[in-house]
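In our numbering, the protein residues as written are 7 to 50. Note that CB positions come from ideal geometry on N, CA and C, so glycine has one too. Take a look at the structure below.
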């Protein structure tokens, strides 16, 4: 398990406005971690 303390549920930093912003971007650190985790689980 890894905690990203500065990110909200859309995995972004900016705040509540991102919940309704279709152009909001996911934090790159989270995206990279998730991609690495998926590769490690799906390529066993």
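{"Query": "Do you know whose CA, among 27, 18, 45, lies nearest residue 33's CA?", "Result": "18"}
{"Query": "Residue 49 to residue 14, Cα distance in whole Å?", "Result": "29 Å"}
{"Query": "Tell whether a beta-carbon distance below 8 Å holds between residue 25 and residue 16.", "Result": "yes"}
{"Query": "Taking only three categories from DSSP, how would you classify residue 11?", "Result": "coil"}
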